[in-house]
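Enquirer:
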Amino acid sequence: MKRYEKLIKDPIAREEKVLILWENKEIFRKSLDATKGGPRYVFYEGPPTANGRPHFGHLMPRVYKDLFPRYKTMQGFYVARKGGWDTHGLPVELEVEKEIGVNSKPEIEAYGVERFVNRCKESVWRYKAEWERMIERMGFWIDLENAYITYTDDYIESVWWELAQMFRRGFLYQGHKVLPYCPRCGTGLSSHEVAQGYRKVQDPSISVRMRIVSDEGARYKQERPGSTSLLTWTTTPWTLPANVGLAIAVKATYAEVEQNDERLILAKALLDQALEGDYRLVCEIPWEDLVGLSYEPPYRLLDDERAYRVHAAEFVNMEEGTGIVHTAPAFGEDDYQLGQEEGLPFFSPVDVAGAFTEEFPLCAGTFVKEADPVIIEDLKKRGLLYQHTLYEHDYPFCWRCGTPLLYYAMDSWYIRTTAVKDQLIKNNRRINWYPSHVGEGRLGDFLLNLKDWALSRDRYWGTPLNLWTCEGCEKVIAVGSRAELVESARDKELARTVELHRPYIDRVALRCPECGETMRRVPNVIDAWFDSGSMHTAQWHYPFENKEKFKESFPADFICEATDQTRGWFYTLLATSTIIHGEAPFRNCIVTGLGLDADGIKMSTSKGNVIDPWDLINVYGADCLRWYLCASSAPWRSKRLGEADVKGPLYRFLDTLRNTYDFFALYASIDGFDPEDHRVEEERLGILDHWILSRLSATTKAVTEGLDNYDVITATEALEGFLDEVSNWYIRSSRRRFWKGGMEPDKIAAYTTLYQVLVNLVKLVAPFVPFIAEAIYQQLRKSSDPESVHLYGYPQVDEVWINTTLEGEMALTRSIASLGHQARNQAQVKVRQPLSRAIVEVASEAEGCVLSEGVLALVKTELNVAAVEIVSTLQPYFHEVPAPNLRTLGPRLGPLAQQAAEWIRSKTAADAREALASGSVKVEVDGKPVEIKKEDISFQAVLSNGFVLVEEGALRLLLDTNLDETLREKGLVRELVHRIQLLRKEAGFEVTDRIVLGYRADSPLGEVLVRNRETIAAEVLALEVKPTLAGDYELQQKVKIEGNAVVFGLSRTTYPRGT
RNA sequence: GGGUCUGUAGCUCAGGUUGGUUAGAGCGCUCGCCUGAUAAGCGGGAGGUCCCUGGUUCGAGUCCAGGCAGGCCCA
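The numbering of the first sequence is the numbering used here, which starts it at 3 and goes up by one.
(1) Given that a residue counts as buried once 16 or more other Cβ atoms are within 10 Å of its Cβ, and exposed if not, what is residue 354?
(2) Residue 433 by DSSP, collapsed to three states: which one?
(3) State the Cα-Cα distance for the pair residue 1043 and residue 977, rounded to the nearest angstrom.
(4) Report the three-state DSSP secondary structure of residue 139 (helix, strand or coil).
(5) Is it true that the region 336-353 meets the region 254-272, where meeting means three or more beta-carbon pairs spaced less than 8 Å apart?
(6) Decide if the region 1034-1042 is in contact with the region 982-993; the criterion is three or more beta carbon pairs, one per stretch, under 8 Å apart.
(7) Compute the distance between the beta-carbons of residue 731 and residue 808, then report whether it is under 8 Å.
(8) With a threshold of 16 other CB atoms inside 10 Å of the CB of residue 364, please say whether the residue is buried or exposed.
(9) Should residue 383 be labelled buried (16 or more other beta-carbon atoms within 10 Å of its own) or exposed?
(10) Around the C-beta of residue 660, are 16 or more other C-beta atoms found within 10 angstroms, so that it is buried, or is it exposed?
(11) Buried or exposed: which applies to residue 22, given that a residue is buried once 16 or more other Cβ atoms fall within 10 Å of its Cβ?
(12) Compare the Cα-Cα distances from residue 1008 to each of 48, 662, 1030 and report the closest residue.
(13) Looking only at DSSP bridge pairs, what is residue 1055 linked to?
(14) Locate the beta strand (DSSP E) running through residue 231, then write down its first and last residues.
(15) Which whole runs of the beta strand (DSSP E) in the region 262-315 are 3 residues long or more, in chain order?
(16) Check whether the region 790-804 and the region 171-185 touch, using three or more Cβ-Cβ pairs below 8 Å as the test.
(17) Quick one: complete alpha helix (DSSP H) runs, 4+ long, within the region 122-172?
(18) Output needed for residue 1061: all residues of its chain with C-beta closer than 6 Å, excluding positions within five of it in sequence on either side, in chain order.
(19) Please go through the same chain and pick out, in chain order, the residues whose beta-carbon is closer than 7 Å to the beta-carbon of residue 457, but skip the five residues on each side of it.
(20) Can the beta-carbon of residue 284 be found closer than 8 Å to that of residue 295?
(21) Identify whether residue 544 lies in helix, strand or coil by the three-state DSSP scheme.
(22) Give me, in chain order, the residues of the same chain whose beta-carbon lies closer than 6 Å to that of residue 818; leave out the 5 immediate sequence neighbours on both sides.
(23) Based on the DSSP secondary-structure assignment, which residues constitute the bridge partners of residue 514?
(24) Mind pulling the beta strand (DSSP E) runs of 3 or more residues that sit fully within the region 627-715?
(25) So is residue 840 buried or exposed if we call it buried at 16+ other beta carbons inside 10 Å?
(26) Here's a check: name, in chain order, each residue in its chain whose Cβ is nearer than 7 Å to the Cβ of residue 222, leaving out the five neighbours to either side.
(27) Do residue 208 and residue 318 have their CB atoms nearer than 8 Å?
(28) Considering only the alpha carbon of each residue, which of 266, 246, 565 lies closest to residue 329?
(29) Pick out whichever of 798, 467, 501, 84 has its Cα sitting closest to the Cα of residue 165.
(30) Determine the direct distance from the alpha carbon of residue 618 to that of residue 17, and round the result to whole angstroms.
(31) Exposed or buried, what is residue 867 when buried is set at 16 or more other beta-carbons lying within 10 Å of its beta-carbon?
(32) By the DSSP assignment, the beta strand (DSSP E) with residue 471 in it spans what residues?
(33) Please state whether DSSP places residue 1046 in a helix, a strand or coil.
(34) What distance in whole Å lies between the Cβ atoms of residue 577 and residue 419, which are believed to be in contact at a cut-off of 8 Å?
(35) Which residue comes first and which comes last in the beta strand (DSSP E) that contains residue 838?
(36) By DSSP, does residue 883 sit in helix, in strand, or in coil?
Dropping the structure here:
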């Protein structure tokens, strides 16, 4: 006979058992094998870096990264899930620097690049085991054995192939541009790295006089030559020595003012803000008039025609400063651009370590940021400083060494992404972003203002830039494969075997195809974001291998990462793919929010506020975390990860699911229900069965539609609602069907239905909470079923079962039940006390106003009323009562008002109306004549005694609480049964145990017990009921009911099973 | 400074369906009920300036404009 075991209550133990099952039976592999011939659903793994510990924030995208592949697999799609590891880049180098205790590039060179790079290679795997352990424990199914690794030669070769394509098509160029640069690390930083290091700082904000030396070539003419200055503004005094020009705002109006014998020119809108003390406005000057003026810079270090003039620019800030901005092309992006446009000389008196050179003797050898006070002091002495305050703003620091970054013009290699800008925008539009504003806003905006991709890094651990330069003719070639390397190499044997990393690859010299001279590799490595962004191609070692695999897995149907990847991986995937393959490499992208700590601050290792996922996994389990992340709010919402929030779903959803199954297991085991033996014809299904099966289909539809639209919340809400309906309505209302003896068709119908509901529910939730789904499935599965729920097909919607009329009826029924409870509450009558009737007014236009006998029976049981009457109006249950209106009676009748009110109250409504037929009536109260007018009486609707009214929306329910003797006795019987059941529980009997019941009772309980002996015996499974306590009982206890006492004795008795 | 998201009950939040009676849920609190599946369930109650200001409208939590606060991305 079939036995259903209860689930293990402890989620941890339960899940660990499931993990063992999956491992032993290789379910993940089988799920892939089983779908191999199916349509492809392509997922790309965004590679994590394993040199840091996984923290809770990493879990958020992972949950969706697992949900959709599982869902699609169950639908029959083949979802290969190749893992991946991101392994290159500055973060890895910095970890190693820390380990070996070095702090600069010269120190690395001294340590030995080879040793250094090898340590990087090891460091990358430091937490690999930890990542794998977490991924496995959370039930994230991904193929880690065949994961792509960005540092392998094969991967690098594919990246080289891409780069060579780009080079040959003119996408790679060497440029001289301003980059954020760390003077201590000696390299430019990627925008990603810069973003990590912004800090609020106070910098000096100064305005400086720059005297006009010539107005030749400008429309503005000086009125007071020699004492007129442009008032300029900067927050980086140290850049003043590099000044080569001034910028004014296009379309702004400027003004000349007189103050203390000098004339100053600045933006009109900023006069009051920028000037100290009184001033006299001399005249307004349109911006065009200032263009071309020559001025005296604070430090004239250049002798160049083009320098020290006024130019117009778009970027000038008109909210702070003076509206005249000092420009140093060497130290600012805007400045550099202006310099390019206007043909300004490029001048930088600063060396690579960030110190002034001899070109600026005042501060030679001083680190630039430390030169600020020296320069300010100097300007002050020379009378050039107008104002000096502090200015608070965000400034980038090197996120590792804390050195302030400099915007620094330097040589580096770029990808001309701007050349494909329109195509990028077009391809981006084809991607379905969830939420859509990522595509339209955040990334879209970035693409509109696209800049070329700064590709090269002056570092060691990364994909080496595959460009070789000829020492003779300066020709540059790109090497697109190892074969090409061997072909051009001087030492072919070396080229055949060399590891493609620095420093090894640097030893490979090529022969110039033009002049035959030696070619050497450029010293750079590339931005690690190019590596991961190339995974669409490089994960397959394409085009050198796996051409088929590449073809069938491009583009991806689905990717998902956190929002910080917008300009990281999402962008680099899109950019490389657009250039190489011409199209977007993914179609759907869910962008998750960030993991926040209990205070709403982003979790990050550097802030030290990360939660160790194990602390939660080991207490609540993987399913609980998965459900919390899926169901609590939309994926892109940031989530606070307080413990209290996370454990919510454990009770609300997972425990309800477990209890629902346990209920089935308890009774199905008692009755030996076996879905393979017990069948039932559809006609035998009850109304509840039809209803819950309809709801099952509707839920399946909602979940499927939700997931198909990448709308997770709609799916989880549908599932939570359905589970509630199963547990709190279907089972609650069906309990008596399961308790009945024997195996009647109705009981089989109930079992069959509940079984079907459970099996399908478990399949529906399997992609979300794979562990509990598996644990229940293992108990439910028939011998012919697949060995895991994850090998089963996802439930299909069967529209035939959807019965919206019935669902409407049942919804109404549940509202009525709810109102009934409310009415009982108000009347203070227990549910155990049977009542004669409830009367429900259903507004005729309300849907489903016709309720079938079947559902009415449910309400009757639920509310314990003998009848439920549905009426179109409750009018007849009210009667009118005349009520005196003291507001009018009082002023008119004075002392007689009270007596007149008495008279009104003493009449019936009908009498009062009749008396008032003519508009007023003269009566005598207290022996005096009094006139009562129409307005003195209002008619109020009053409920008859014993009725309680409750209403909600269009529904009104009247509960008749009048009791007669029969009802009273029925109430007593239920009370007695209830007490005996409690005693059974207290005695520790099993629910199937039969008992002998003895009692000694006073009147009237004794008579009640005698009269209802059969009913009570049946309810409490008593084979014998004896009006005496003679003999031994396992439990004997006195109970009091409404002041009367009865003593019960209970003992188990043997009873043949199965009848 | 730019972009973007968020702001609703003590807490966490309703992809807040097209503007429309009394703004909801869960948790927590509180009172009561029910229990022959339940770490449960049901009902009542307390708890709201829907961030602010202005506009459009017969009517705004919802639409528009401008602010404020916070998060994130970028300068």
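We put the beta carbon where it would ideally sit given N, CA and C, even for glycine.
Expert: On the basis of the data shown:
(1) It is exposed - the Cβ of residue 354 has fewer than 16 other Cβ atoms within 10 Å.
(2) The three-state reading of DSSP puts residue 433 in coil, since its state is none of H, G, I, E or B.
(3) Roughly 8 Å separates the two Cα atoms.
(4) Residue 139 falls in the helix class under three-state DSSP.
(5) The region 336-353 vs the region 254-272: no contact.
(6) A contact exists between the region 1034-1042 and the region 982-993.
(7) In this structure, residue 731 sits away from residue 808, with a CB-CB distance that is not shorter than 8 Å.
(8) Per the 10 Å Cβ criterion, exposed.
(9) Exposed, because fewer than 16 other Cβ atoms sit within 10 Å of the Cβ of residue 383.
(10) Result: buried.
(11) Residue 22 comes out exposed.
(12) Looking at the Cα atoms, 1030 is the closest of the given residues.
(13) Looking at the DSSP output, residue 1055 sits in a beta bridge with 996.
(14) In the DSSP annotation of this structure, the continuous segment of the beta strand (DSSP E) that includes residue 231 starts and ends at 230-236.
(15) 264-269, 282-288, 311-315, all fully within the region 262-315.
(16) Contact fails: fewer than three Cβ-Cβ distances are below 8 Å.
(17) Counting whole runs of 4 or more residues, the region 122-172 contains the alpha helix (DSSP H) stretches 130-139, 155-170.
(18) Any reading at residue 1061 must be qualified, since the residue scores a pLDDT of 39, below 50, and its modelled position is unreliable; no value is offered.
(19) The answer, listed in chain order, is 415, 416, 417, 528, 529, 532.
(20) One thing to note: residue 284 has its Cβ no nearer than 8 Å to the Cβ of residue 295.
(21) Collapsing the DSSP output to three states places residue 544 in coil.
(22) In chain order, 842, 861 place their CB closer than 6 Å to the CB of residue 818, counting only its own chain and leaving out the 5 sequence neighbours on each side.
(23) By DSSP's assignment, residue 514 forms no beta bridge with any residue.
(24) Runs of the beta strand (DSSP E) inside the region 627-715: none found.
(25) Counting other Cβ atoms within 10 Å of its Cβ, residue 840 reaches 16 or more and is therefore classed as buried.
(26) Excluding sequence neighbours, residue 222 sits near 287, 291, 292, 295.
(27) A distance of 8 Å or more separates the beta carbons of residue 208 and residue 318.
(28) Among 266, 246, 565, the Cα nearest to that of residue 329 is on 246.
(29) For residue 165, the nearest C-alpha among the options comes from 467.
(30) The alpha-carbon separation between residue 17 and residue 618 amounts to approximately 14 Å.
(31) By the 10 Å Cβ count, residue 867 comes out buried.
(32) Looking at the DSSP string, the run of the beta strand (DSSP E) that includes residue 471 is 469-472.
(33) Secondary structure of residue 1046 (DSSP, three-state): strand.
(34) The Cβ separation is near 5 Å, so the contact holds.
(35) Run containing residue 838: 837-844, per the beta strand (DSSP E) assignment.
(36) Note: residue 883 maps to strand in three-state DSSP.
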